[in-house]
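In this note's numbering, the protein residues as written are 1488 to 1718.
Set out below in structure tokens:
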């Protein structure tokens, strides 16, 4: 089972979730998403808490109030950390989590220790914890189905973006072609004018052919007169 919470410190509200137990945490590690940010109490056992990044938000620029919500929830779900003040909450993108086969359940490492941030929680803030607990809901999640649905949606977004780019490029190509044709002197005339010019040339050609034909007849007539005079 997965526990979901809603933080209203931003608009629209952000979704926070975590596994109900360490076994569920393993599934969350396996089926996490590139838009997820992982939170944990530093150097202590605690729940694995995740933030589903809202659209447009970067993992390393999460608003402080939202970080406070995540830090308080993470601290509250650590047996030892909940009793102690001045706790450090570490967080990193889900894709930076490294899991090896010989690791104990719930244990993780990082691909890059430099891609880890820290947020200080001085003490438990019951107002924050109680507010978040009021939004808690528990759901059974088919992680593989959710993963496939996310992948399908991402592919759709990619296709839409590719089609938009392609249409934009085609429109730009049409625009350039139109500008080129407008600058071409051969297209200064209208289609009607071009047709008139073609007909004029055909008339001139016909007249020339007719004129050549008459000249041939005259030459033939001159030859006949010469023959008569000879006789």
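We put the beta carbon where it would ideally sit given N, CA and C, even for glycine.
- According to DSSP, residue 1506 shares a beta bridge with 1489.
- Residue 1585 is bridged by DSSP to 1596.
- Relative to residue 1505, the option among 1492, 1498, 1517, 1497 whose CA is nearest is 1492.
- Counting the other Cβ atoms within 10 Å of the Cβ of residue 1519 gives 16 or more, which makes it buried.
- Taking each of 1531, 1566, 1577, 1521 in turn and checking the Cα distance to residue 1558, the smallest one comes out for 1577.
- Secondary structure in the stretch 1495-1558: the alpha helix (DSSP H) runs of 4 residues or longer, each lying completely within the stretch, are 1509-1517 in chain order.
- Nearest in C-alpha terms to residue 1641, of all of 1488, 1521, 1653, 1495, is 1521.
- About 6 Å separates the Cβ atoms of residue 1547 and residue 1604, confirming a contact at the 8 Å cut-off.
- Beta-bridge partners assigned by DSSP to residue 1626: 1489.
- Under DSSP, the beta-bridge partners assigned to residue 1605 are 1577.
- Residue 1697 counts as exposed, since fewer than 16 other beta carbons sit within 10 angstroms of its beta carbon.
- For residue 1567, the three-state secondary structure derived from DSSP is coil.
- Judged by DSSP in its simplified three-state form, residue 1610 adopts coil rather than helix or strand.
- For residue 1569, the closest alpha carbon among the candidates 1614, 1533, 1599, 1600 is that of 1533.
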